[in-house]
Amino acid sequence: MQFYRIRKFPTKLTIVFIICLVFFLNPDLRLWLKKFTFHVAYIPARAFQNIKNSFAKTERLNEENLDLKRRVGELSVELSRMKQKKEQIERLEELLGFKLSLRYEAKASRVIARDIAGFRKFFVIDKGSRDGINENTPCVSLEGIVGNVVAVSPNTSKVMLITDPASRIGVTVTSSCETGLMLGSVEGQCRVIYLGLDGDIKEGDEVVTSGTSSLFPEGLPVGTIKHVGIERTKLYRYAEIIPYAEMSKIREVLAMNTGER
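The numbering of the sequence shown is this note's numbering, which starts it at 378 and goes up by one.
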């Protein structure tokens with residue numbers, strides 16, 4: 378057995394020698410082997426390069442995606458601003474048309490601050506004494522009356538709303554010509570008191586300013602009646618009012634100069 382192993386080794390060595398000799402003497406075989414070796418070595422290198430290129434492409438696409446998202450965000454903000462600007466212009470155009478229909482001079486004013494959730498109900502507008510605004514100047518919106526100025530600075534004014542507990546405005550129910558006094562409340566609601574017991578007043582009737590006070594001229598829209606009741610004294614009736622002007626949504630008002638044009 379050992380003799381067989383000894384004889385087998387020279388045989389293998391001879392085969393290797395013959396292969397090397399043939400390879401050395403045959404240029405075509407050497408060229409083929411060289412190409413084969415290069416091809417085999419190139420496969421992992423090419424795979425590595427493909428993986429590297431794929432990572433680079435993915436990173437580039439991620440950066441482009443982030444840039445696109447950032448741009449979309451910027452365009453969304455710009456579109457929102459343009460939409461708000463357009464809506465503001467439309468509101469101002471409507472205010473201008475409403476202003477021209479009034480019998481009084483008026484200053485279009487922007488609401489720059491508000492407090493309608495607390496005990497008192499106020500707006501601050503961007504017009505003041507330099508613009509001809511005085512205390513008690515009435516303010517209206519496109520929908521109806523809003524309130525009156527109670528404090529003035531050179532560039533701003535404080536407006537007490539008709540929903541404020543201290544507000545007092547003379548009003549008329551248009552369907553029956555009944556007059557009464559409209560009050561605000563802590564809850565931000567309006568109520569008309571001192572209405573006669575026998576008047577024809579019902580839910581849905583329109584209420585306008587009566588002109589009996591020095592604040593608002595006659596005939597400005599106020600709101601509609603949502604409930605009619607009798608006072609505890611049984612001497613008068615009262616009416617709860619839904620104002621036309623939604624105080625939480627108002628952005629611009631007209632500050633009226635009630636002196637004749």
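We put the beta carbon where it would ideally sit given N, CA and C, even for glycine.
query                                                                                                     : result
Pick from Glu608, Val527 and Val630 that is closest to alanine 616, judged by C-alpha positions           : Glu608
Of the residues Val536, Val584 and Pro531, the one placed nearest valine 569, counting alpha carbons only : Val584
One or two residues paired with proline 598 in a DSSP bridge                                              : Val585
Straight-line Cα distance separating valine 449 from asparagine 571                                       : The amino acid at residue 571 is misidentified as asparagine; the sequence shows tyrosine. Each residue's alpha carbon lies about 59 Å from the other.
The stretch 495-509 / the stretch 525-543 touching (three or more Cβ pairs under 8 Å)                     : yes
Where glycine 362 falls: helix, strand or coil (DSSP)                                                     : Residue 362 cannot be examined here, being either before or after the span of the chain that is shown, 378 to 638.
N- and C-terminal bounds of the beta strand (DSSP E) containing methionine 537                            : 534-538
Neighbourhood of proline 598 by C-beta, 6 Å cutoff - its chain only, sequence neighbours within 5 removed : Gly521, Val585 and Tyr621
Straight-line gap, alanine 485 to isoleucine 602 (C-alpha atoms, nearest Å)                               : 29 Å
Backbone CA spacing between threonine 514 and arginine 447 [nearest angstrom]                             : 47 Å
CB of valine 550 within 8 Å of CB of glutamate 580, strictly                                              : no
Own chain residues within Cβ distance below 6 Å of threonine 556, not counting five before or after       : Thr549 and Ser587
Pairwise C-alpha distance: asparagine 525 and arginine 545                                                : 10 Å
Alpha-carbon to alpha-carbon, serine 453 and leucine 574                                                  : 58 Å
Local Cβ density within 10 Å of cysteine 554, reported as buried at 16 or more and exposed below that     : exposed
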